[in-house]
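Residue numbers (this note's numbering): 2 to 503. No residue lacks a Cβ here, since even glycine has one placed at the ideal position from N, Cα and C.
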């Protein structure tokens, strides 16, 4: 335990050195956006029900005109992307094509002769890199395979290919994993290491890590962790068709194709249109605003690009149905875009700056102490068996100590109605159960915690994992000797757990 803590302390300078502020800054008015429109969008995002907004960035004409990082989240914190990771895999494929290491029409099976376990069907033999990029492999998605298999490539290639490759869109993160495996085969590097060489270095993206499969392949379809500003850079790279500061990092034709509608995307057309039925390119979704597209991840991870307006909007957070976040862009921000700079809007600019500086997620509301505090502070609370795998909890003065069944101990500094930050020894709560999950990350995690006594006998503690996505909420009822715990994932059910005092 002591060794883990020392290691985390050693890594803290790397976290603090994370690059932020690389992109030039401006104001909305100077770049032709109504400041009121930006305020309205920010207010709408923060007011969405059952939603935690963690990061928002608005970029026009290559300049950041507004950014919001509600406390306890900070600009320098990384964020897991879920399926928005897929767009980076597509870019790695584009770089490998530029390096003459593969082609769109290469057959998937030819990369893995050592993984064949039975006769290769005609459909499997016909499947190409292009088919994987368009989510049209012909393989029926199996979202549990990654939870049980130790060799994802071998087991995926053994699956039946029921549909002709290229004929039917079926969204499947394992298609993206297979692309990651192909890039690793042809380059000799993981997708992350390859991107570090080809893109991240020239773009000054110094903070990025990625989960790996049991045999050391970046998961591809999920698991990349980067900063919000990195997502803004991604949007600008796509907007400029692979060009960065005068250097063509990826072939422009590939980027243009990747960001086009190449397949229908599997959703029915509706009137009016929605963002879910506009089609799909190479690991990039089309959006309903004419000509727009996006990197898109579960729980509301978006990088939206509107080329006609020279606009990029990044939203990262926690929302089950994230299209409500996209609606805030279309209904609030877009009407405020103009073709020319606006006159300075000094009063509105001050309001926007104050809004962004004061934004925070919900804090526990209540008193500094309760009448039961002295009887329970510093005492070990032994928990009944629970899905959170917590063995015991100790509530101390401004510290919450969690002991897990695997022997990991977390000592989390708590602020009274403010956020205090602590390095973690273990891992945050996660919604994906893949084998080897959370492995491959280059640095540890940070928790921000706050508390208040909501009644004389009830203590509430909120914990956010600020360089991840999730959090935990604890409500201790010291009259009933119970603690109710829930994670912050949408639709998560709380668990009420009995404890005995040691």
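Problem set entry | Of the residues 33, 81, 35, the one placed nearest residue 55, counting alpha carbons only | Here residue 55 is taken as the residue at index 54 of the chain shown, counted from 1. Here the closest residue by C-alpha is 81.
Exercise. Is it true that the segment 303-318 meets the segment 54-73, where meeting means three or more beta-carbon pairs spaced less than 8 angstroms apart?
Worked result: yes
Exercise. Considering only residues of the segment 290-341, which uninterrupted beta strand (DSSP E) runs meet the minimum length of 3 residues and lie entirely inside it, listed in chain order?
Worked result: 294-298, 302-307, 312-320
Problem set entry | CB of residue 181 within 8 angstroms of CB of residue 218, strictly | The residue given as residue 181 occupies position 180 in the chain shown. The residue given as residue 218 occupies position 217 in the chain shown. Yes, these two residues count as a Cβ contact at 8 angstroms.
For this session: Rank 153, 155, 106, 156 by C-alpha distance to the C-alpha of residue 133 and give the top, closest one.
Result: One-based indexing of the chain shown puts residue 133 at position 132. The shortest Cα separation from residue 133 among 153, 155, 106, 156 belongs to 106.
Exercise. When DSSP labels each residue in this structure, what does residue 41 get in the three-state scheme?
Worked result: Translated into positions along the chain shown, residue 41 becomes position 40. The answer is helix: DSSP assigns residue 41 an H, G or I state.
Exercise. Which class does residue 427 belong to by DSSP, given the choice of helix, strand or coil?
Worked result: Counted from its first residue, the chain shown places residue 427 at position 426. Three-state result, residue 427: coil.
Problem set entry | Start and end residues, beta strand (DSSP E) containing residue 447 | Position 446 of the chain shown, counted from the start, is the residue given in the question as residue 447. First-last of the beta strand (DSSP E) with residue 447: 447-456.
For this session: Please confirm if the segment 329-340 is in contact with the segment 425-434, defined as three or more CB-CB distances below 8 angstroms between the two stretches.
Result: no
For this session: Just mark residue 75 as buried or exposed, buried being the case when its beta carbon has 16 or more other beta carbons within 10 Å.
Result: Taking the first residue of the chain shown as 1, we reach residue 75 at position 74. Residue 75 should be labelled buried.
Problem set entry | Close beta carbons around residue 187, own chain, < 8 angstroms, minus the five adjacent residues each side | Indexing the chain shown from 1 puts residue 187 at position 186. Closer than 8 angstroms at the Cβ level, and outside the excluded window around residue 187, lie 97, 102, 103, 112.
Exercise. Helix or strand or just coil, what does DSSP make of residue 185?
Worked result: The sequence position of residue 185 within the chain shown is 184, counting from 1. Of the three classes helix, strand and coil, the one that applies to residue 185 here is helix, per DSSP.
For this session: Tell me, please, whether the segment 265-284 touches the segment 343-355 by the rule of three or more beta-carbon pairs shorter than 8 angstroms.
Result: no
For this session: Just the C-alpha distance for residue 364 and residue 324, rounded to the nearest angstrom, thanks.
Result: The residue you call residue 364 lines up with position 363 of the chain shown. The residue you call residue 324 lines up with position 323 of the chain shown. Answer to the nearest angstrom: the Cα atoms are 26 angstroms apart.
Exercise. Residue 233 to residue 246, Cα distance in whole Å?
Worked result: As a position in the chain shown, residue 233 is number 232, starting the count at 1. As a position in the chain shown, residue 246 is number 245, starting the count at 1. One C-alpha to the other measures close to 14 angstroms.
For this session: Report yes or no: do three or more beta-carbon pairs, one from the segment 39-49 and one from the segment 356-375, lie closer than 8 angstroms?
Result: yes
For this session: Can you grab the Cα-Cα spacing for the pair residue 144 / residue 428, in whole Å?
Result: Position 143 of the chain shown, counting from 1, holds the residue named residue 144. Position 427 of the chain shown, counting from 1, holds the residue named residue 428. Roughly 22 angstroms between the two C-alpha positions.
For this session: Have a look at the DSSP bridge pairing and note the partners of residue 483.
Result: Along the chain shown, read from residue 1 onward, the residue named residue 483 stands at position 482. Note: residue 483 sits in a beta bridge opposite 478, 499.
For this session: Please classify residue 236: does DSSP put it in a helix, a strand, or coil?
Result: Residue numbering aside, residue 236 sits at position 235 when the chain shown is read from its first letter. Of the three classes helix, strand and coil, the one that applies to residue 236 here is helix, per DSSP.
For this session: Return the CA-CA distance between residue 185 and residue 191, expressed in angstroms with no decimal places.
Result: Taking the first residue of the chain shown as position 1, residue 185 is located at position 184. Taking the first residue of the chain shown as position 1, residue 191 is located at position 190. Their Cα atoms are separated by approximately 5 angstroms.
For this session: Spell out the partners DSSP gives residue 172 in its beta bridges.
Result: Translated into positions along the chain shown, residue 172 becomes position 171. Beta-bridge pairing links residue 172 to no other residue.
Exercise. So what's residue 257 in DSSP terms, helix, strand or just coil?
Worked result: Here the question's residue 257 lines up with position 256 in the chain shown. Here residue 257 sits in helix by DSSP.
Exercise. Tell me which same chain residues have a C-beta within less than 7 angstroms of the C-beta of residue 249, skipping the five on either side of it?
Worked result: Here residue 249 refers to the residue found at position 248 of the chain shown. Correct list, in chain order: 243.
Problem set entry | Closest residue to residue 151 among 70, 334, 215 (Cα-Cα distance) | Residue mapping note: residue 151 aligns to position 150 of the chain shown, counting from 1. For the residues 70, 334, 215, the minimum Cα distance to residue 151 belongs to 215.
Exercise. When you compare only the Cα positions, how much space is there between residue 252 and residue 170?
Worked result: Working through the chain shown from its first residue, we reach residue 252 at position 251. Working through the chain shown from its first residue, we reach residue 170 at position 169. C-alpha separation (whole angstroms): 25 angstroms.
Exercise. Per DSSP, which one or two residues make a beta bridge with residue 416?
Worked result: Your numbering for residue 416 matches position 415 in the chain shown. Bridge partners of residue 416: 451.
Exercise. Excluding five sequence neighbours on each side, which residues of the same chain lie with their C-beta closer than 6 angstroms to the C-beta of residue 135?
Worked result: Translated into the one-based positions of the chain shown, residue 135 becomes position 134. The answer, listed in chain order, is 263, 264.
Problem set entry | Reduced DSSP category for residue 32 - H, G, I as helix; E, B as strand; rest coil | Mapped onto the chain shown, residue 32 falls at position 31. DSSP places residue 32 in helix when its eight states are reduced to three.
For this session: Could you pull the start and end residues of the beta strand (DSSP E) that residue 61 belongs to?
Result: Counting from 1 along the chain shown, the entry for residue 61 is found at position 60. 52-61 is the span of the beta strand (DSSP E), which, as asked, contains residue 61.
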